[in-house]
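As structure tokens, the structure follows; a few thoughts come after it.
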Amino acid sequence: MGSFRDAMGPVAARLRQGRPSAQPVSQVALRIPGHGCGDLLTAVRGCLLHWIERRAGATLPARAWEGEAFTLDHIAAQRTETVALPDNGFWAARIDDVDKSIANRRWITEVSMAVVDDAVLLGCRLHCVSHGVDAPFARSIPGFVKALIDAFPVEIDGLPASLSPWVVAEPAAVERLVRLIEAPGRVAPVIVLALPEGSEDPAKTACSADALCRGLAGVAHVAVITASASFRLSDALGKPLSVFRQAVRTYRPGFDRENDDPLRHPLALPHRIEQWPDGGAGTYERFLIDLHLRGSVSAPDSERRVPSFARVRAYVREAERAASKQAAAPDAELLALAEAEIEALQSARNEEVDALTLLLVEAERERDAASEEVGRLTAKNHALRERIIALERASAAGEAVADTPIPQTLEDFPEWCRRHLAGAVEVLPRALHGVKKSRYGDVALHYQALLLLKEHYVPMRREGGGERKDAFEAACRELGLVEQSAFTGPSMGEFAEQYTVTYEGRKCVLDRHLKKGSTKDDRLCFRLYYFWDAVSEEVVVGSMPAHLDTRAS
Numbered sequence: 001m002g003s004f005r006d007a008m009g010p011v012a013a014r015l016r017q018g019r020p021s022a023q024p025v026s027q028v029a030l031r032i033p034g035h036g037c038g039d040l041l042t043a044v045r046g047c048l049l050h051w052i053e054r055r056a057g058a059t060l061p062a063r064a065w066e067g068e069a070f071t072l073d074h075i076a077a078q079r080t081e082t083v084a085l086p087d088n089g090f091w092a093a094r095i096d097d098v099d100k101s102i103a104n105r106r107w108i109t110e111v112s113m114a115v116v117d118d119a120v121l122l123g124c125r126l127h128c129v130s131h132g133v134d135a136p137f138a139r140s141i142p143g144f145v146k147a148l149i150d151a152f153p154v155e156i157d158g159l160p161a162s163l164s165p166w167v168v169a170e171p172a173a174v175e176r177l178v179r180l181i182e183a184p185g186r187v188a189p190v191i192v193l194a195l196p197e198g199s200e201d202p203a204k205t206a207c208s209a210d211a212l213c214r215g216l217a218g219v220a221h222v223a224v225i226t227a228s229a230s231f232r233l234s235d236a237l238g239k240p241l242s243v244f245r246q247a248v249r250t251y252r253p254g255f256d257r258e259n260d261d262p263l264r265h266p267l268a269l270p271h272r273i274e275q276w277p278d279g280g281a282g283t284y285e286r287f288l289i290d291l292h293l294r295g296s297v298s299a300p301d302s303e304r305r306v307p308s309f310a311r312v313r314a315y316v317r318e319a320e321r322a323a324s325k326q327a328a329a330p331d332a333e334l335l336a337l338a339e340a341e342i343e344a345l346q347s348a349r350n351e352e353v354d355a356l357t358l359l360l361v362e363a364e365r366e367r368d369a370a371s372e373e374v375g376r377l378t379a380k381n382h383a384l385r386e387r388i389i390a391l392e393r394a395s396a397a398g399e400a401v402a403d404t405p406i407p408q409t410l411e412d413f414p415e416w417c418r419r420h421l422a423g424a425v426e427v428l429p430r431a432l433h434g435v436k437k438s439r440y441g442d443v444a445l446h447y448q449a450l451l452l453l454k455e456h457y458v459p460m461r462r463e464g465g466g467e468r469k470d471a472f473e474a475a476c477r478e479l480g481l482v483e484q485s486a487f488t489g490p491s492m493g494e495f496a497e498q499y500t501v502t503y504e505g506r507k508c509v510l511d512r513h514l515k516k517g518s519t520k521d522d523r524l525c526f527r528l529y530y531f532w533d534a535v536s537e538e539v540v541v542g543s544m545p546a547h548l549d550t551r552a553s
């Protein structure tokens with residue numbers, strides 16, 4: 001019997017063909033306390049309307065500024081719609097914004113507000129909608145979120161939100177940080193950047209705390225901790241769960257100092273941040289921002305915290321009809337409201353059914369990927385254990401470590417990779433499958449290219465230095481290989497899927513390759529596509545030995 005994913009795959013494919021694909025980009029849920037919430041609601045809504053007007057490219061109607069519902073859908077403007085229950089302090093909006101650089105792409109921002117217990121609760125969600133190929137994008141939050149944090153006393157997890165990092169230096173501040181990290185109801189991650197020993201300068205972090213604050217405004221808490229305060233944090237949480245000497249640690253919600261595995265709260269050491277691929281600290285900042293914005297829309301309660309605009313619109317229509325019925329409105333008016341409510345409910349239902357179908361297929365895919373990842377890590381662990389045992393036996397016997405054998409066939413290629421590359425080079429199943437179908441004439445080069453990466457490229461990336469770089473380049477020349485960037489980035493276009501792999505739950509681009517031969521004939525052309533994973537400090541090979549497509553081919 002096939003899996004649920006197999007059964008729903010054709011349905012998902014038809015949905016993708018008939019409708020544009022929508023990806024949730026980021027989500028923010030804020031609380032803005034204040035007495036006289038009516039005036040506060042008006043001020044916050046005004047800030048949002050100014051932002052919406054700039055995006056819409058047209059003047060909003062006068063009733064918009066009174067908090068009434070309106071729809072903007074004429075040709076010269078970008079579609080904008082709001083719904084409102086003014087008497088209940090409830091207001092929501094949705095605006096479409098066409099991407100200025102990528103064709104057939106648009107951004108949809110949904111935002112809703114309500115007055116609850118002497119505070120304005122505000123939630124917003126950003127979607128990226130594409131027709132055709134899903135080109136990569138950098139996750140972000142709508143610009144008005146920063147404006148709100150700058151202008152109003154916004155709170156996250158009961159603490160003030162800020163566009164600047166919280167500097168933790170005094171013992172009292174360490175105690176507040178510990179309380180935040182351990183807070184049972186905490187929703188937002190806490191990112192703590194440590195300063196070097198002896199430093200009190202917030203600018204001396206391994207990456208920019210200011211950049212993280214602005215990129216994750218309303219999504220995460222960002223703190224800079226001084227060297228002396230790091231010792232106090234270690235005393236409170238234990239050294240394995242602390243952060244010091246310019247490291248960066250993310251404390252995820254649900255922290256439990258007694259039972260937590262330190263790996264659940266990722267720690268990045270300064271040398272890894274400095275050597276992060278394709279840009280060092282700046283790229284690491286972008287990685288963290290993308291990671292936590294993705295997490296903001298994938299949390300189990302994300303829909304409850306920020307309901308979709310379709311659901312909000314249906315609720316408002318139902319409330320309007322109930323109010324009109326109670327006021328004994330004419331039948332024609334009640335009929336119009338009922339028809340509008342039915343249309344809104346049907347629209348919400350269709351959107352939710354389509355989204356649920358795709359989410360279920362994606363969940364099945366993620367479950368299968370997680371199962372495969374467990375198997376991969378188990379096999380990797382066994383291979384590393386075997387290598388350690390072999391090295392220990394050779395050392396105890398006073399024997400020299402034998403050279404890695406180069407087989408004459410590709411028959412046992414997967415086993416050879418497992419035995420000889422574990423801990424340095426990871427060859428993904430797609431690459432193993434490509435080798436199984438290989439038509440390239442030089443069998444030895446399949447093995448030699450991987451050993452080249454293990455023995456020269458990996459030490460060069462891990463340890464650096466001109467000598468290791470020279471040794472790697474000399475080894476490439478000896479094998480007749482050229483190492484260079486692959487056909488990636490915005491130019492990938494319709495071939496993006498070929499250059500993208502899933503590794504440890506992340507979408508990664510095969511941005512480097514080894515090449516030999518200029519022809520597209522697979523019998524004479526060798527290509528090995530890979531990327532450097534800064535987290536595991538390993539090379540990950542995603543495709544070999546055939547040439548991947550480019551626009552030139």
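Take the sequence shown: its letters are residues 1 to 553, numbered as in the numbering used here. Glycine is no exception: its CB is placed at the ideal position from the N, C-alpha and C atoms. Just so you know, these numbers come straight off a predicted model, no measurement behind them.
Residues C207, I273 and W276 of the same chain have their beta carbon placed closer than 6 Å to that of Y284, with the five preceding and five following residues left out of the count. At a Cβ-Cβ threshold of 8 Å, V145 and I191 do not count as neighbours.
Residue W166 holds the alpha-carbon nearest to the alpha-carbon of D201 among W166, R461, L159 and T82. Put simply, of P171, H547 and E497 the residue whose alpha carbon is nearest the alpha carbon of P136 is E497. For L30, the enclosing beta strand (DSSP E) stretches over residues S21 to P33. Taking the Cβ atoms as the reference, V443 lies roughly 13 Å from L479, outside the contact range of under 8 Å. Distance from the CA of A424 to the CA of L450, rounded to the nearest whole angstrom, comes to 10 Å. Just so you know, the alpha carbons of L481 and R54 end up roughly 53 Å apart. Around the Cβ of L126, a 10 Å sphere holds 16 or more other Cβ atoms; the residue is buried.
Between the segment 66-75 and the segment 171-188 there are fewer than three C-beta pairs closer than 8 Å, too few to call the two in contact. Rounded to the nearest whole angstrom, the CA to CA distance from A534 to P459 is 13 Å.
Going by DSSP, K516 is part of the beta strand (DSSP E) stretching over R512 to K516.
Looking at G434, R179 and R252, the one whose alpha-carbon comes closest to that of M544 is G434. Of the other Cβ atoms in all chains shown, fewer than 16 fall within 10 Å of the Cβ of L269; this residue is therefore exposed.
Remark: C-beta atoms of G67 and W91 approach each other more closely than 8 Å. Under DSSP, M113 shares a beta bridge with W91 and L122. Pairing A119 with R31 gives a Cβ-Cβ distance under 8 Å.
In this structure, E182 places its C-beta atom within 8 Å of the C-beta atom of F255. Taking N259 as reference, the option from P307, P240 and L548 with the minimal CA-CA separation is P240. In the structure shown, E68 falls within a coil segment according to DSSP collapsed to helix, strand and coil. The residues V501, G542 and S543, in chain order, have a CB closer than 7 Å to that of R430 in the same chain once the five nearest residues on each side in sequence are set aside.
When C-alpha distances from A486 are compared across F152, I141, D261 and D549, the shortest belongs to D549. Apart from the 5 residues on each side of it in sequence, A169 sits with its Cβ closer than 6 Å to the Cβ of T226 and A229 in its chain, given in chain order. With fewer than 16 other Cβ atoms from the protein chains shown falling within 10 Å of its own Cβ, E463 counts as exposed.
Fully enclosed alpha helix (DSSP H) runs of no fewer than 4 residues occupy 143-151 and 171-182 of the segment 124-200, in order along the chain. Residue state for A299 is assigned as coil, using DSSP reduced to three classes.
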